[in-house]
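Numbering (full-length UniProt numbering), first residue to last: 1 to 145. Report on the structure given below.
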């Protein structure tokens with residue numbers, strides 16, 4: 001099994017540690033992504049210890065696909081997000097490779113960079129909560145047209 005480098009938070013109020021860990025294997029409807037960019041978000045402070053690998057917004061290149069992941073091909077540029085409550089270190093972004101569920105990922109258009117695409121998930125979720133969720137800001141959406 002090949003290893004990769006990852007930045008790992010091993011203790012609260014300590015620095016991240018550069019360490020090696022196994023490259024995760026894609027299975028089912030998952031894709032293995034070589035991470036190019038990752039987004040650090042406010043909820044990253046709430047990761048569970050021990051052994052937290054931060055960030056869950058990811059963009060990169062598909063390296064392998066699981067047998068049920070038909071949406072993507074090897075070499076595709078994608079972005080995505082794993083669910084913060086059900087994911088684990090294999091899905092996190094501060095490492096060289098991660099796995100994403102194919103249904104939680106989307107292709108990156110040719111006119112967007114990896115850095116731009118990695119910001120789509122958190123901005124989409126924040127906008128949705130502000131406009132539609134009862135816990136949001138109570139704004140009324142305006143639809144032109």
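Just so it is clear, CB atoms sit at the ideal spot from N, CA and C, and this is done for glycine as well. A quick note: this is a predicted structure, and the numbers were derived from the prediction, not measured.
| query | Sorted by chain position, which residues of the same chain lie with C-beta nearer than 7 Å to residue 106's C-beta, five sequence neighbours on each side aside? | reply | One-based indexing of the chain shown puts residue 106 at position 106. Taken in chain order, the residues that qualify are 78, 79 and 80.
| query | Taking just the CA atoms, how far does residue 37 sit from residue 4? | reply | Locating residue 4 in the chain shown gives position 4, where the first residue counts as 1. Locating residue 37 in the chain shown gives position 37, where the first residue counts as 1. Approximately 16 Å, taken between the alpha carbons.
| field | Where residue 142 sits in the DSSP three-state scheme | value | Start at 1 with the first residue of the chain shown, and residue 142 comes out as number 142. Coil, per DSSP.
| request: Verify whether the separation of the beta carbon atoms of residue 23 and residue 97 is less than 8 Å. | output: By one-based count along the chain shown, residue 23 stands at place 23. By one-based count along the chain shown, residue 97 stands at place 97. It is a contact, given that the beta carbons lie within the stated cut-off.
| said: Which complete beta strand (DSSP E) runs does the segment 22-100 hold, if anything under 3 residues is left out? | reply: 30-39, 57-65 and 77-81
| CB-CB under 6 Å to residue 89, same chain, minus the five flanking residues each way: which ones, in chain order? | Locating residue 89 in the chain shown gives position 89, counting from the first residue. Within the same chain, residue 89 has close Cβ partners 53.
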